[in-house]
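Laid out in structure tokens, this is it:
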């Protein structure tokens with residue numbers, strides 16, 4: 099009588115274990131392949147949106163016209179769509195929904211929330227807030243171009259969504275180390291009232307007397323109240339005060355400069371450093387100077403604090419030192435000046451650079 103083979107049951111168990119191992123290994127293989135594939139596609143998409151965001155931001159100049167014409171969206175779309183992903187599939191975006199103009203807060207501690215869309219954009223004031231462009235792209239089911247999944251039988255789906263976005267900013271500097279002059283300008287006094295833009299080449303007169311119509315004044319570049327010695331220390335470079343957008347500074351209406359800062363005086367540092375005036379008061383070989391711009395109503399309120407919102411570059415063109423009631427300086431504002439420091443950008447548009455796009459996310 100033949101005896102039953104006791105190993106027959108073990109063969110059945112082994113077959114089950116082999117099947118399980120095959121399934122598990124297949125699932126891990128599928129996971130590894132698809133994760134790697136998705137990362138590769140995401141990298142390709144990221145390159146595309148990075149290029150698109152930089153191109154779109156390059157069209158921002160703080161004015162309404164390019165935004166109404168859709169130029170940031172058109173250029174962002176053009177540069178994004180020059181890229182392809184796997185299987186030579188082109189990257190396609192919709193400018194109306196995938197290119198979003200907005201405001202980037204360069205001092206936000208969380209890059210994920212630093213960008214805020216600006217909508218609607220209907221006025222010049224709206225346009226002034228736009229200093230950034232967000233561009234997004236994807237290989238997604240909603241776009242009918244989702245990425246195919248390898249070994250889909252092991253992961254119970256045949257496609258996956260992959261997306262990427264980027265934010266680029268373009269605007270004036272948000273910070274300045276050691277502003278050159280103990281002066282500050284009120285934005286409302288140096289902007290064109292129709293475009294809210296700095297009028298390039300515009301000349302502004304600053305009186306060194308208690309003149310309530312001035313739209314600039316002497317500043318300690320801090321919250322400190324100042325005296326003549328403070329101003330002289332700033333002019334000479336002995337006192338360095340770093341500023342950034344959001345800081346508060348004190349501004350006086352300038353009478354302290356009427357006789358003590360207007361011209362050369364006993365080898366003491368004065369505004370003569372910026373302007374060697376001839377007999378008519380015309381400045382020869384003037385230096386380019388940068389000073390903070392503050393927010394505030396016009397006519398401005400002096401002898402109190404105001405918030406820095408940007409920086410302007412200018413030079414003295416005339417300096418007349420005619421005593422306490424007749425002293426004044428004329429300054430000319432310059433545009434497209436490039437910041438030679440690696441400061442953060444994306445703040446107020448006051449003609450001062452760096453006017454170049456920069457990726458921030």
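In the working numbering, the protein residues as written are 99 to 459.
C-beta: ideal position from N, C-alpha, C; glycine also.
For residue i, name the three-state secondary structure that DSSP assigns.
i, result
"residue 273", "strand"
"residue 294", "coil"
"residue 410", "strand"
"residue 368", "coil"
"residue 164", "helix"
"residue 212", "coil"
"residue 430", "strand"
"residue 86", "Lying before the first or after the last residue shown, residue 86 is absent from the chain, which here runs from 99 to 459."
"residue 384", "coil"
"residue 195", "helix"
"residue 450", "strand"
"residue 340", "coil"
"residue 350", "strand"
"residue 188", "strand"
"residue 241", "helix"
"residue 321", "coil"
"residue 158", "coil"
Please work out which residues of its chain come closer than 6 Å, Cβ to Cβ, to residue i, disregarding the five sequence neighbours upstream and downstream, and give them in chain order.
i, result
"residue 448", "270, 296, 391, 408 and 410"
"residue 164", "157"
"residue 373", "381, 384, 414 and 417"
"residue 162", "222 and 225"
"residue 204", "272, 442 and 444"
"residue 324", "318"
Under 8 Å Cβ to Cβ from residue i, same chain only, skipping five residues before and after it: list those, please.
i, result
"residue 319", "277, 280, 282, 332, 339, 341, 347 and 390"
"residue 255", "247"
"residue 368", "330, 333, 358, 359, 360, 361 and 362"
"residue 261", "140, 143, 234, 235, 236, 237 and 238"
"residue 315", "281, 282, 304, 349, 350, 351, 352, 398 and 400"
"residue 285", "391, 392, 393, 394, 407, 408, 446 and 448"
"residue 149", "177, 178, 180 and 181"
"residue 166", "219"
"residue 206", "212"
Please classify residue i as buried or exposed, where buried requires at least 16 neighbouring CB atoms within 10 angstroms.
i, result
"residue 405", "exposed"
"residue 57", "The structure shown does not extend to residue 57, since the chain is modelled only from 99 through 459, so no value can be given for it."
"residue 443", "buried"
"residue 88", "For the chain, the structure presents residues 99 to 459; residue 88 sits outside this window and is missing."
"residue 160", "buried"
"residue 218", "exposed"
"residue 152", "buried"
"residue 289", "buried"
"residue 419", "buried"
"residue 450", "buried"
"residue 170", "buried"
"residue 455", "buried"
"residue 328", "buried"
Taking the beta strand (DSSP E) that residue i falls in, what are its first and last residues?
i, result
"residue 287", "Where residue 287 is concerned, there is no enclosing beta strand (DSSP E), although the alpha helix (DSSP H) it sits in stretches over 285-288."
"residue 314", "314-317"
"residue 388", "387-392"
"residue 263", "260-267"
"residue 444", "443-445"
"residue 235", "230-237"
"residue 97", "The structure shown does not extend to residue 97, since the chain is modelled only from 99 through 459, so no value can be given for it."
Over the uninterrupted alpha helix (DSSP H) stretch that includes residue i, give me the two end residues.
i, result
"residue 205", "It is not in any alpha helix (DSSP H) - residue 205 carries neither H nor E in the DSSP assignment."
"residue 398", "Segment: none, residue 398 is in no alpha helix (DSSP H) and carries neither H nor E."
"residue 334", "326-334"
"residue 459", "No alpha helix (DSSP H) contains residue 459, which DSSP labels as neither H nor E."
"residue 169", "169-178"
Our contact map puts residue i next to residue j with C-beta atoms below 8 Å; I'd like the distance itself, whole angstroms only.
i, j, result
"residue 313", "residue 302", "7 Å"
"residue 266", "residue 154", "7 Å"
"residue 190", "residue 176", "Not quite, the Cβ-Cβ distance comes to about 12 Å (not below 8 Å), so this is no contact."
"residue 459", "residue 188", "Not really, about 24 Å apart at Cβ, beyond 8 Å."
"residue 94", "residue 220", "Because the chain is modelled from 99 through 459, residue 94 falls outside the range shown and cannot be assessed."
"residue 264", "residue 147", "4 Å"
"residue 241", "residue 431", "Contact flag wrong, Cβ pair sits at about 46 Å."
"residue 467", "residue 388", "Because the chain spans 99 through 459 in this model, residue 467 falls outside it and cannot be assessed."
Please return the same chain residues whose Cβ sits closer than 7 Å to the Cβ of residue i, not counting the five positions on each side in sequence.
i, result
"residue 200", "213, 214, 215, 216, 228, 230 and 232"
"residue 258", "132, 136, 244, 245 and 247"
"residue 294", "222, 223 and 226"
"residue 183", "139, 142, 143, 189 and 237"
"residue 185", "none"
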